[in-house]
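Position 38 of the sequence shown, counted from 1, bears residue number 1514 in our numbering, the numbering being contiguous throughout.
Beta carbons are placed, not taken as given, at the ideal position from N, Cα and C, and that holds for glycine.
Note that the structure is a prediction, hence the values are computed from the model and not measured.
Structure first, commentary second.
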Amino acid sequence: MPTWTGAWPEAEAERYLAEATVPIRLACRTPSGGLWMLSLWYRYDDGAFHCATGANADVVEYLRADPGVAFEISDNEPPYRGVRGSGTVTIEPDDDKVLLETLLTRYLGGTDNELATGLLAADRREVHIRIEPKKCYTWDFSERMADIE
1477 MPTWTGAWPE AEAERYLAEA TVPIRLACRT PSGGLWMLSL WYRYDDGAFH
1527 CATGANADVV EYLRADPGVA FEISDNEPPY RGVRGSGTVT IEPDDDKVLL
1577 ETLLTRYLGG TDNELATGLL AADRREVHIR IEPKKCYTWD FSERMADIE
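Shown next, in the form of structure tokens:
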């Protein structure tokens, strides 16, 4: 279980993570030691972030070489608030694309669209990226940005 610090108690942070439909921003290292950042859809469940991506995506190679990551989930509009932290990743096949379907429903409201049709194609291989957070920090600028809303 992660260590939680910051503006919110753990229960409030977990509620935010369950309700927010912004992508998780994930930072990792490339095999050559460079930095890489990307955004992925996620589901927060059982104390971990669950993401899906194509099995041949560059980030899969990067995460297999070095499973350490940093992440952020935050609102894109003021007042800014969110969760950031660090953890480790495990990767496994999502052969039946169960996680991907869940994410398509969470972010797009269903699978009746061209994007879902392409992502769910039978010949496309998918993986489940599980991010196990070790440290989580929450922040909420609602009070100090109250007149900006």
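Check: In three-state terms, what does DSSP make of Glu1568?
Finding: Mapped onto the sequence shown, residue 1568 falls at position 92. Note: Glu1568 maps to strand in three-state DSSP.
Legend entry - Residue closest to Leu1542, alpha-carbon to alpha-carbon, out of Gly1523, Pro1507, Gly1585: Residue mapping note: residue 1542 aligns to position 66 of the sequence shown, counting from 1. The question names Leu, but residue 1542 is Asp in the sequence shown. Among Gly1523, Pro1507, Gly1585, the Cα nearest to that of Asp1542 is on Pro1507.
Notebook entry, point to check: What separation, rounded to the nearest whole angstrom, lies between the Cα atoms of Asn1552 and Thr1497?
Noted result: Locating residue 1552 in the sequence shown gives position 76, counting from the first residue. Locating residue 1497 in the sequence shown gives position 21, counting from the first residue. For Asn1552 and Thr1497, the distance between alpha carbons rounds to 11 Å.
* Asked: In chain order, what residues of the same chain lie with their CB nearer than 7 Å to the CB of Ile1624, ignoring the 5 residues before and after it?
  -> For the purposes of this step, residue 1624 is identified with residue 148 of the sequence shown, where counting begins at 1. If we look at Ile1624 and ignore the five residues flanking it on each side, its Cβ neighbours are Pro1554, Pro1555.
For the beta strand (DSSP E) containing Ala1503, name the first residue and the last one. By 1-based counting over the sequence shown, the position of residue 1503 is 27. In the DSSP assignment, Ala1503 falls within the unbroken beta strand (DSSP E) covering 1500-1505.
Exposure of Ala1487, with buried meaning 16 or more beta-carbon neighbours within 10 Å
As a first step, residue 1487 is located in the sequence shown; it is residue number 11 there, counting from the start. It is exposed - the Cβ of Ala1487 has fewer than 16 other Cβ atoms within 10 Å.
- Task: Go through its chain and collect everything with a Cβ distance to Lys1610's Cβ below 8 Å, but skip five positions before and after it.
- Result: Residue mapping note: residue 1610 aligns to position 134 of the sequence shown, counting from 1. Once the five neighbours on either side are set aside, the close Cβ partners of Lys1610 are Pro1478, Thr1479, Gly1561, Ser1562, Gly1563, Thr1564.
Is Pro1499 near the ligand MG, judged by its Cβ being under 8 Å from some heavy atom?
-> Absence of the ligand MG is noted for the structure shown, with no ligands found whatsoever.
Next on the checklist: Here's the rule: buried if 16 or more other CB atoms are within 10 angstroms of the residue's CB, otherwise exposed. What is Glu1537?
Outcome noted: Counting from 1 along the sequence shown, the entry for residue 1537 is found at position 61. With fewer than 16 other Cβ atoms within 10 Å, it is exposed.
inquiry  = How far does the alpha helix (DSSP H) with Arg1582 in it extend, from its first residue to its last?
reply    = For the purposes of this step, residue 1582 is identified with residue 106 of the sequence shown, where counting begins at 1. Taken as a continuous stretch (DSSP letters only), the alpha helix (DSSP H) holding Arg1582 covers 1574-1584.
### Query
Using DSSP with H/G/I as helix, E/B as strand and the rest coil, what is Arg1557?
In the sequence shown, counting from the first residue as 1, residue 1557 sits at position 81. In the structure shown, Arg1557 falls within a strand segment according to DSSP collapsed to helix, strand and coil.
**Prompt:** Under three-state DSSP, which class holds Leu1596?
**Reply:** Against the sequence shown, residue 1596 aligns to sequence position 120. Leu1596 sits in coil when the DSSP states are folded into three classes, being neither helix nor strand.
How far does the alpha helix (DSSP H) with Asp1534 in it extend, from its first residue to its last?
Locating residue 1534 in the sequence shown gives position 58, where the first residue counts as 1. Per DSSP, Asp1534 is one residue of the alpha helix (DSSP H) stretching across 1534-1541.
Let me make sure I understand the geometry here. Which of Tyr1518, Tyr1583, Asp1599, Leu1591 has the alpha-carbon closest to that of Glu1548?
Residue mapping note: residue 1548 aligns to position 72 of the sequence shown, counting from 1. Ranking Tyr1518, Tyr1583, Asp1599, Leu1591 by Cα distance to Glu1548 puts Tyr1518 first.
- Message: Given this structure, state the Cα-to-Cα distance separating Leu1511 from Thr1614, to the nearest angstrom.
- Response: One-based indexing of the sequence shown puts residue 1511 at position 35. One-based indexing of the sequence shown puts residue 1614 at position 138. Roughly 23 Å between the two C-alpha positions.
Using only the alpha-carbon positions, how far apart do Ile1567 and His1604 sit? Along the sequence shown, read from residue 1 onward, the residue named residue 1567 stands at position 91. Along the sequence shown, read from residue 1 onward, the residue named residue 1604 stands at position 128. Taking the straight line joining both Cα atoms gives about 6 Å.
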